[in-house]
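*Asks:* For the sequence shown, full-length UniProt numbering begins at 1 and goes up steadily by one. Cβ atoms here follow ideal geometry from the backbone N, Cα and C, with glycine treated the same way. Would you mind keeping the following structure in view while I ask a few things?
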Amino acid sequence: MPRGSFGMRPGSGRGRRGTGRRGQAVVETALVLPVLIGLVWGVFSFGRGYGAYLAVSAATRDGARLAALGRSGQEVRAAVFAGLAATGIASAAATVSVSGQTGIPGDPVTVRVVANIENPAPLPGLPASIALTSATTMRKE
Numbered sequence: 001m002p003r004g005s006f007g008m009r010p011g012s013g014r015g016r017r018g019t020g021r022r023g024q025a026v027v028e029t030a031l032v033l034p035v036l037i038g039l040v041w042g043v044f045s046f047g048r049g050y051g052a053y054l055a056v057s058a059a060t061r062d063g064a065r066l067a068a069l070g071r072s073g074q075e076v077r078a079a080v081f082a083g084l085a086a087t088g089i090a091s092a093a094a095t096v097s098v099s100g101q102t103g104i105p106g107d108p109v110t111v112r113v114v115a116n117i118e119n120p121a122p123l124p125g126l127p128a129s130i131a132l133t134s135a136t137t138m139r140k141e
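In structure tokens form, the structure reads like this:
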């Protein structure tokens, strides 16, 4: 008897062995695929939301810098709205407030922006828009 045959006739182990594995793979795919798609979608949506937050934060910082240099509140608001528009956030969806413009060097100046963005992951039960808030304080020069 050849080594490794263990007393079996040639070809006796073949036949329908392994045909049920295709069905098992389909069931496993059907169970894992929705979770995988949801995970990828969640990562993509989080990335879009975080990018919008970074844009609001950058616009707030730019506005605070102008306010610290002594620019008027109207100029600061215009700069913030321009920064938001450059990233695709409509000015109608944002509120800008500037506080502390006393004109005394060393006093803090604060620019606060609240921007409502469309929810990047619109699911039932989640709000249609998300309010992103950013505030930056700098010393007046």
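Kindly say whether GLY23, judged by its beta-carbon, lies nearer than 8 Å to any beta-carbon of chain D.
*Replies:* Chain labels in this structure do not include chain D; a single protein chain is all it has.
*Asks:* Give me the Cα-Cα distance between VAL27 and LEU36, rounded to the nearest whole angstrom.
*Replies:* Sequence index remark: in the sequence shown, residue 27 carries index 27 (1-based). Sequence index remark: in the sequence shown, residue 36 carries index 36 (1-based). Taking the straight line from one Cα to the other gives about 14 Å.
*Asks:* Residues bridged to GLU118 by DSSP?
*Replies:* Looking up residue 118 in the sequence shown gives position 118. SER129, per the DSSP bridge assignment.
*Asks:* Tell me, which residues are paired with ALA94 by DSSP?
*Replies:* In the sequence shown, residue 94 corresponds to position 94, counting from 1. Beta-bridge pairing links ALA94 to ALA115.
*Asks:* By alpha-carbon positions, which one of THR87, GLN101, GLY88, GLY63 ends up nearest to ARG77?
*Replies:* As a working mapping, residue 77 is identified with position 77 in the sequence shown. The shortest C-alpha separation from ARG77 is found at GLY63.
*Asks:* When DSSP labels each residue in this structure, what does ARG77 get in the three-state scheme?
*Replies:* Locating residue 77 in the sequence shown gives position 77, where the first residue counts as 1. Note: ARG77 maps to helix in three-state DSSP.
*Asks:* Please tell me whether, using a cut-off of 7 Å, the distance from the CB of SER57 to the nearest non-hydrogen atom of the ligand FMN is below it.
*Replies:* Here there are no bound small molecules, and the ligand FMN is not part of this structure.
*Asks:* Do LEU84 and ALA115 come within 8 Å of each other at the CB atom, strictly closer than that value?
*Replies:* Counted from its first residue, the sequence shown places residue 115 at position 115. Counted from its first residue, the sequence shown places residue 84 at position 84. Yes, Cβ-Cβ distance for ALA115 and LEU84 is below 8 Å.
*Asks:* Can you give me the Cβ contacts of TYR53 inside the same chain, cut-off strictly under 7 Å, excluding the 5 residues immediately before and after it?
*Replies:* Translated into positions along the sequence shown, residue 53 becomes position 53. Closer than 7 Å at the Cβ level, and outside the excluded window around TYR53, lie LEU132.
*Asks:* Can you tell me which residues form a DSSP beta bridge with PRO108?
*Replies:* In the sequence shown, residue 108 corresponds to position 108, counting from 1. DSSP output for PRO108 lists ARG139 as bridge partner(s).
*Asks:* Would you tell me roughly how many angstroms separate the C-alpha atoms of ARG65 and MET138, rounded to the nearest one?
*Replies:* Taking the sequence shown and counting its residues from 1, the one referred to as residue 65 is at position 65. Taking the sequence shown and counting its residues from 1, the one referred to as residue 138 is at position 138. Whole-angstrom Cα-Cα distance: 7 Å.
*Asks:* Figure out for me which residue from PRO127, ARG22, ARG112 has the closest Cα to the Cα of VAL96.
*Replies:* The count along the sequence shown starts at 1 and reaches residue 96 at position 96. Nearest option by C-alpha distance: ARG112.
*Asks:* When you compare only the Cα positions, how much space is there between ALA93 and GLY23?
*Replies:* Indexing the sequence shown from 1 puts residue 93 at position 93. Indexing the sequence shown from 1 puts residue 23 at position 23. For ALA93 and GLY23, the distance between alpha carbons rounds to 51 Å.
*Asks:* Drop a sphere of 10 angstroms on the beta-carbon of residue 215, count the other beta-carbons inside from all chains shown, and report buried for 16 or more, exposed for fewer.
*Replies:* With the chain running from 1 to 141 in the structure shown, residue 215 is simply not present.
*Asks:* With which residues is SER134 paired in a DSSP beta bridge?
*Replies:* For this step, residue 134 is matched to residue 134 along the sequence shown. For SER134, which the question treats as bridged, DSSP gives the partners VAL113.
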